[in-house]
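Student:
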Amino acid sequence: MAEYKWPEAEKRTLIGKRVSRVDGPEKVSGKAKYTYDIKRPGMLYGKILRSPHAHAKIVSIDSAEAEKMPGVRAVKVIQGPGTEIRWAGDEILAVAAVDEPTAEDALRAIKVTYEVLPHLVVDNDTKAAAEMQMARQAAAETKGEPDKAFAESEVISEGTYGMPVITHCCLEPHGSIAEWEGEQNLTVHISTQNVSGIAGEMARPLEIPAGNVRVRMDHVGGGFGSKFGPDRWGIEGARLSKLAGGKPVKIMLERDAELMVAGTRPSAYARVKVGAKKDGTILAWESESWGSGGIGGGGSPPLPYVFAIPNQKKQHTAIQNNVGSSRAWRAPNHPQGCLITMGALEDMAAQLGMDPLDFFLKNIDLTGQRAEIYREEFNIAADLIGWKKNWHPRGDKTAGPIKRGLGLSLHTWGGGGHASDCDVTIHPDGSVEVKMGTQDLGTGTRTTIMMVAAETFGLPMNSINLLIGDNRYPTSGGSGGSTTIGGVSASPRRGSVDALDLLFAKVAPALKAEPADLEAVGGMIRVKSDPKRALPWKQACAKLGAMPVTARGKNPGPGTLTSQGVGGVQMADVSVDVETGVVKVNKIVAVQDCGLIIDLKTAESQVYGALIMGVCSALYEERVMDAATGRMLNPNMEFYKLAGIGDIGELVVHMMTGKGYDERGVIGLGEPPAISPTAVLSNAVANAIGVRVPSLPLTPDRVLDALEKKGGNNARI
Amino acid sequence: MSDDDKPREQSSGLSRRNFLKASGISLSVPLVMGHRVITVAGAEVKVYGPSKLPVTLLVNGKRQVAEVEPRVTLLEALRHELEVTGAKRVCDRGTCGACTVLLDGKLVYSCSVLAIDAQGKSVTTVEGLTQGDKLHPIQQAFIDNDAQQCGFCTPGFVVACKGFLDKNPNPTPEEVERGLGGNLCRCGTYVGIRAAVAQAAKNKRGGRRNG
Amino acid sequence: MRAFEYASPTTKEQVVSLLGSQWGEAEVLAGGTDLLALMKDDIVHPKRLVNLKEVRELRGITYSPGQGLRIGALATIQDLLDSAVVARSYRALAQAAEGITSPQIRNMGTVAGDLCQRPRCWYYRAGFGLFAKDEKGESLVKNGDNRYHAILGNSGPAYYVNPSSLAPALVAMGARVHVYGPQGAREIPAGRFYLTPSAEGEREYDLKPNEIVTAISVPPLGGMKNSTYEVRQREALDWPLAAASVVLRMSGNTVESARVVMGHVAPVPWRSTEAEQFLVGKSINEEVAQGAGNVAVLQAKSLSRNAYKVQLARTSVKRALLDAARGGGR
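Residue numbers (the numbering used here), protein chains in the order written: chain G, 124 to 840; chain E, 2 to 212; chain Z, 8 to 337.
(1) So the alpha helix (DSSP H) Ala577 (chain G) belongs to, where does it begin and stop?
(2) Look at Thr548 (chain G) and Lys558 (chain G) and say whether their C-beta atoms are less than 9 Å apart.
(3) Output needed for Ile161 (chain G): all residues of its chain with C-beta closer than 7 Å, excluding positions within five of it in sequence on either side, in chain order.
(4) Applying a beta-carbon distance threshold of less than 8 Å, which residues of chain G neighbour Asp121 (chain Z)?
(5) Along chain G, which residues have their Cβ under 7 Å away from the Cβ of Leu185 (chain E)?
(6) Since Leu426 (chain G) and Lys436 (chain G) are thought to touch, with beta carbons under 8 Å apart, how far apart are those beta carbons, to the nearest angstrom?
(7) Quick one: which residues of the stretch 109-137 of chain E get their C-beta closer than 8 Å to a C-beta of chain Z? List them in chain order.
(8) Residues of chain Z with a CB under 9 Å from the CB of Arg746 (chain G): which are they?
(9) Indicate the three-state DSSP secondary structure (helix, strand or coil) for Pro156 (chain E) in the structure shown.
(10) Could you check whether the Cβ of Val630 (chain G) sits closer than 9 Å to any Cβ belonging to chain Z?
(11) Any beta carbon from chain G within less than 9 Å of Gly151 (chain Z)'s own beta carbon?
(12) DSSP on Thr490 (chain G), reduced to helix/strand/coil?
(13) Taking DSSP's pairing of strands, which residues face Met647 (chain G) in a bridge?
(14) Flag Leu152 (chain G) as yes if its beta-carbon sits less than 9 Å from any beta-carbon of chain E, otherwise no.
(15) Please name the residue in E:Gly133, E:Gln149, E:Asn204, E:Cys186 whose C-alpha comes closest to that of Pro172 (chain E).
(16) Grouping DSSP H, G and I as helix and E and B as strand, with all else coil, what is Lys401 (chain G)?
(17) Note down, in chain order, every chain E residue with its Cβ under 9 Å from the Cβ of Ser172 (chain Z).
(18) Closer than 8 Å is the cut-off here; do at least three beta carbon pairs connect the stretch 286-297 of chain G with the stretch 479-493 of chain G?
(19) Looking only at its own chain, which residues have a Cβ that is under 6 Å from the Cβ of Ala263 (chain G), when we skip the five neighbours before and after it?
(20) Whole angstroms are fine: how far does the CA of Pro193 (chain G) sit from the CA of Thr535 (chain G)?
(21) Interface residues of chain Z around Glu70 (chain E) at Cβ under 7 Å?
(22) I'd like to know whether the C-beta atoms of Ala37 (chain Z) and Leu81 (chain Z) end up nearer to each other than 9 Å.
(23) Let's test the definition: count the other Cβ atoms within 10 Å of the Cβ of Ile463 (chain G) and tell me whether it reaches 16, buried, or not, exposed.
(24) Fully enclosed by the stretch 52-106 of chain Z, which alpha helix (DSSP H) runs are 4 residues long or longer?
(25) Which residues in chain G have a C-beta closer than 8 Å to the C-beta of Thr74 (chain E)? List them in chain order.
(26) Gly50 (chain E) versus chain Z: which residues are under 8 Å apart at the beta carbon?
(27) Closer than 9 Å by beta-carbon distance: list the chain E residues that pair up with Thr280 (chain Z), in chain order.
(28) Starting from the C-beta of Ala327 (chain Z), find all residues in its chain whose C-beta is less than 7 Å away, skip the five residues before and the five after it, and write them out in chain order.
(29) Under 7 Å Cβ-Cβ, which residues of chain E neighbour Ser109 (chain Z)?
(30) Residues of chain G with CB under 9 Å from Asp330 (chain Z), in chain order?
(31) Per DSSP, Ser323 (chain Z) forms a beta bridge with which residues?
(32) Under DSSP, the beta strand (DSSP E) around Cys545 (chain G) begins and ends at which residues?
(33) Can you tell which of G:Gly645, G:Ile496, G:Trp408, G:Cys545 has its C-alpha closest to the C-alpha of Val692 (chain G)?
(34) Using the C-alpha atoms, what's the distance from Val48 (chain E) back to Arg72 (chain E)?
(35) Enumerate in chain order the residues of its own chain whose CB-to-CB distance from Val65 (chain G) is below 6 Å, with the five nearest sequence positions on each side excluded.
(36) For the stretch 312-323 of chain Z, list every residue whose C-beta sits within 9 Å of some C-beta in chain G, in sequence order.
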């Protein structure tokens, strides 16, 4: 029975090293084909007519003129007269035409009349939501004896914290190309995080067996949690294709639709009260939170975040407004919980006149089993940002309009590996093939799978032929929740170990050894106790005879290859111009635990990326909804703002890896470092200007408003 | 629905000017493909469209013809007609830089250039930077410094870096940050891009010293 | 984008003949960075585009000590930045051009295009019209999200801000806009080029549908100090939230006369004669600059969500003055 574990540190030739991503050459040369880039023979272009109203009933649809237009091949009503539309941008009708201009002309020729109904699109008005019966107030939760604990508290800090709805804004929009072969067989190229999961979701509405749906994808231009399903437009694209005689129909969302309907992160706002003793011991937490994830209502942020404050009282209200539903967004609910909690705790530290680092460390045991890791991480981060030297009590007292400040935060995430199957085949000619129904979101999935297989076989990476992005390969989970790396590293490890055992069985007689005594190292199969008795890989594989050997690797499975549960801390250094309210990031430090790292290079990129996304959300991003018209006012990249290369400051990443961390096995990394950035930046701004800016993004209007209201609830100078 | 795939009669390039007053603008679809000629201010001026016309583009050194309407952008002609898909459509409004190409050596957003307007100019896309299988040093630097994740902004960024380094062969870090302000990335690859530009600039200097 | 026909004339006379007599019939295409976006969003839908780029006489930047600067309508933002004389003697203009931080836009966008681009008001760009009124005739802007809208000249119905990056500097410098149309050439002081329309369908500038901007001339500034300061949130391409351009005629350390023009605060570039008068006879220091900033926004009337812009405008004026005094211009 094979033993499934990672090689000892000193024996690793690839794992833990800095390896360039294997699909880099394709990506930098423009050869990488994304769904958006695919053109199939005879392909038609699909476009979707969307509702301009946030809440309305469709009265009539007249598509006669469009249907007569030259070049229009199919017109399909998605939601017909009588249907109630509950968000602007919802799908009404789709057309397929020979080219994009014709499809656009056709949409313009369609006349839809609506009966407009009252709507609610703002995400932070609980009163209006209650009046329109669009608020769901959860029951209050109590832990310990909050009233007593607040009465015993020597210091009480109160504040308001929040972040608005942001959108995923994947650079490659959602979309797919669907084509039929006969009445029953469908092939779909789709921009997805879930190659293995799409067929089932398409088969049901299309009433064909899931096994008849072939799903393909080589590269995806961003997902961040928003691309797990085929979406209505994917299903309708397949229907349009059928109407057009099976011709391929490509529907990629326009940018405005991508921003309106293809994914958002729920907002969260909270009024928080924290009670503590003068020495900094936290005693009590009370929060009243609210937020919206659109028509679905959205999640409830974990409050208080990580710190298990002994006495708590909390209540959350979910606003169900007339906006498309939220989707998973890198660490669902955690950034919201983190911002609210770390903001409230830093405000308490300021109220106490304590250095927040001391305050956090004093209460670090409340974080539970990872307390010691956090302590170690805080010490490292403090060194990297010069906390002792650069921190000052709240409110930079130096002259001039530019105020500098520091902030900190901590976070946690699970990140256990998802279910993943793969087939590992060794051919008699020595070639190796790994097949897995997974996808590489740009996180380095391809690279890490190849590293694991190559490491196991003692071969260079380029001798592994990796096939992913096709649902005909063994089923592997969707890429989300930081579950991918665990799954896609463990299953090829197990599969490769098993395939190697099959090879060892064939090779052992030639080396006059028992299969269990063999090892694969440096391109040789050799006897562990007598490495000179060896066969080069190719010659060894020739012993297989005519038939290749294939082993199915699975996750979960035997042996400790993966684990879950990580802690990380971050610190930020910002400058705020108090005459303009403009915030500039000077530096962010991220110290992150993630178990055994497969590829240090792409792992660090994940953390850099998480920090940069955090800068976007802390300083710029906000979906702006117009209360009167119910429309999104910034469904474009001009006013839906992302940070540019000059807006992110210096970023420093420190990975907690090596002895003491590696033993846990592989743990996901996509989400954890994406949790704290908004909190550290909000805290750093508060430290710089002496007052909390209650809501993100930290734009000039909000910063100046907070400065003007200094002396209000959040002021701490 | 009617069929409109049949090729149309080629334009004679003459006629029709009798009923078209110089300033009169009509959007009747001509029965011909190509152009018509009208006389304005004493000179004959060709008027193209609104229907398709052959547009000749010099893309990465190769002359290619696309039949498109005047309303088709350079980006769309590249991607849909010529299947040169390195340049990406993201914002489609001249903001994000994913569609960046070099037009006569200058960085432009190909989503905001009409294909008909790009005629007579040399178009270089990310594909044009690779010589056979040999990557351009900027492309190699992107790989070495992991300056891409999902990779959808990467082609535009690579071209933007090329245009930037052509103009600023020896940039300071501040110049890099300011000089690439026309491109956006969602995954957050800017740290790698900064390092890649620095590496490419360094190699360029090294290369020059060595002759 | 809707279908259109396209012509590419080579003289301005041809251009003018090809343009329509009504707005909406034809548009001129130069850099295309704004026009194509407007067409994609179906905000304008001309039946004909008249390409200007082959009209050679509209190109180039020239300078003579007597006449000053002449910027052809087709000169790009990058041409301005590449011009040594602009960098040397028209610093406020160079600074405004630098604020357009995308090299792609700098290469494509023309100076005349910057002046004639349409407002970025998000209600206008969403198709609600320049005045963005609801079915009852109420302003969507006034009652809606006006965080980027006007704080001056905003008594209605226009609440958008003039989007031009270069206009404040050009107005402050006393530039003139050269226009050509069926009646021949005319010249408009840059300060009078912008209008606040009173009806939908009118334009925000003094051009007839068949007129084009051919050039912008800027007089020699002599030794006048000048500077532009923009408040932008991002280094990446971003619209200024407020801006100010100042030109100061000095007598020793004392201001003899001043031009103070604010951008992105009103439907037109907003000249503050109050601030200009305030500065006369004073020497520029922190306190005087702050005072001028305060005076410049005395008439400001914020809408429901843009009070912060008053502070940004004030700061822009102050910082432009301090920068000018520190050595803007020779």
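We put the CB at the ideal spot given by N, CA and C, even for glycine.
Tutor: By the coordinates alone:
(1) Translated into the one-based positions of the first sequence, residue 577 (chain G) becomes position 454. Per DSSP, Ala577 (chain G) belongs to the alpha helix (DSSP H) from 568-580.
(2) Working through the first sequence from its first residue, we reach residue 548 (chain G) at position 425. Working through the first sequence from its first residue, we reach residue 558 (chain G) at position 435. Result yes, Cβ atoms of Thr548 (chain G) and Lys558 (chain G) sit closer than 9 Å.
(3) Start at 1 with the first residue of the first sequence, and residue 161 (chain G) comes out as number 38. Contacts found: Ile300, His312.
(4) Looking up residue 121 (chain Z) in the third sequence gives position 114. Residues of chain G passing the Cβ test: none, with the nearest at roughly 15 Å.
(5) Start at 1 with the first residue of the second sequence, and residue 185 (chain E) comes out as number 184. The contacting residues are Met760, Leu765, Gly767.
(6) Translated into positions along the first sequence, residue 426 (chain G) becomes position 303. Translated into positions along the first sequence, residue 436 (chain G) becomes position 313. That belief does not hold up - the Cβ atoms of Leu426 (chain G) and Lys436 (chain G) are roughly 11 Å apart, past 8 Å.
(7) Val109, Tyr110, Cys112, Ser113, Val114, Leu115, Ile117, Asp118
(8) Counted from its first residue, the first sequence places residue 746 (chain G) at position 623. Simply none; closest approach about 12 Å.
(9) Here residue 156 (chain E) refers to the residue found at position 155 when the second sequence is read from its first residue. The answer is helix: DSSP assigns Pro156 (chain E) an H, G or I state.
(10) For the purposes of this step, residue 630 (chain G) is taken as residue 507 along the first sequence, with counting starting at 1. Closer than 9 Å to the CB of Val630 (chain G) there is not a single CB belonging to chain Z.
(11) For the purposes of this step, residue 151 (chain Z) is taken as the residue at position 144 of the third sequence. Interface flag for Gly151 (chain Z) against chain G is set, since a Cβ pair is found closer than 9 Å.
(12) Locating residue 490 (chain G) in the first sequence gives position 367, counting from the first residue. DSSP places Thr490 (chain G) in helix when its eight states are reduced to three.
(13) By one-based count along the first sequence, residue 647 (chain G) stands at place 524. Its beta-bridge partners are G:Val644, G:Pro659.
(14) For the purposes of this step, residue 152 (chain G) is taken as the residue at position 29 of the first sequence. This sequence places Ser at residue 152 (chain G); Leu is not what is there. Interface residue, yes.
(15) Along the second sequence, read from residue 1 onward, the residue named residue 172 (chain E) stands at position 171. Closest option to Pro172 (chain E), Cα to Cα, is E:Asn204.
(16) Taking the first residue of the first sequence as 1, we reach residue 401 (chain G) at position 278. Here Lys401 (chain G) sits in coil by DSSP.
(17) If you number the third sequence from 1, residue 172 (chain Z) lands on position 165. Within 9 Å Cβ-Cβ: nothing; Ser172 (chain Z) doesn't reach chain E, min ~14 Å.
(18) no
(19) The residue labelled residue 263 (chain G) in the question sits at position 140 within the first sequence. Once the five neighbours on either side are set aside, the close Cβ partners of Ala263 (chain G) are Gln438.
(20) One-based indexing of the first sequence puts residue 535 (chain G) at position 412. One-based indexing of the first sequence puts residue 193 (chain G) at position 70. Here the alpha carbons of Pro193 (chain G) and Thr535 (chain G) stand approximately 57 Å from one another.
(21) Start at 1 with the first residue of the second sequence, and residue 70 (chain E) comes out as number 69. Ordered by position in chain Z, the residues that pass the 7 Å Cβ test against Glu70 (chain E) are Ala10.
(22) For the purposes of this step, residue 37 (chain Z) is taken as residue 30 along the third sequence, with counting starting at 1. For the purposes of this step, residue 81 (chain Z) is taken as residue 74 along the third sequence, with counting starting at 1. In contact: Ala37 (chain Z) and Leu81 (chain Z) (Cβ atoms closer than 9 Å).
(23) The residue given as residue 463 (chain G) occupies position 340 in the first sequence. So Ile463 (chain G) counts as buried.
(24) 84-89, 91-96, 98-105
(25) Translated into the one-based positions of the second sequence, residue 74 (chain E) becomes position 73. Neighbours of Thr74 (chain E) on chain G: none; closest Cβ ~10 Å, over 8 Å.
(26) Along the second sequence, one-based indexing puts residue 50 (chain E) at 49. Simply Ala10, Phe11, Glu12, Tyr13.
(27) Along the third sequence, read from residue 1 onward, the residue named residue 280 (chain Z) stands at position 273. Here the premise fails: no neighbours, minimum Cβ distance about 35 Å.
(28) Sequence index remark: in the third sequence, residue 327 (chain Z) carries index 320 (1-based). Only Ser234, Thr235, Tyr236, Ala251, Ser252, Val253 meet the Cβ criterion.
(29) Indexing the third sequence from 1 puts residue 109 (chain Z) at position 102. Correct list: Gly182, Gly183.
(30) Start at 1 with the first residue of the third sequence, and residue 330 (chain Z) comes out as number 323. When 9 Å is used as the limit between beta carbons, Asp330 (chain Z) is near no residue of chain G, the shortest such separation being about 14 Å.
(31) Here residue 323 (chain Z) corresponds to residue number 316 of the third sequence, with the count starting at 1. Per DSSP, none; premise fails for Ser323 (chain Z).
(32) Translated into the one-based positions of the first sequence, residue 545 (chain G) becomes position 422. Segment 543-549, the beta strand (DSSP E) holding Cys545 (chain G).
(33) Stepping through the first sequence from its first residue, residue 692 (chain G) is reached at position 569. Ranking the options by Cα distance to Val692 (chain G), first place goes to G:Ile496.
(34) Working through the second sequence from its first residue, we reach residue 72 (chain E) at position 71. Working through the second sequence from its first residue, we reach residue 48 (chain E) at position 47. Rounded to whole angstroms, Arg72 (chain E) to Val48 (chain E) spans 13 Å at the Cα level.
(35) Nothing can be reported for residue 65 (chain G), as the shown portion of chain G is limited to 124 through 840.
(36) Arg312, Asn313, Ala314, Tyr315, Lys316, Gln318, Leu319, Arg321, Thr322, Ser323
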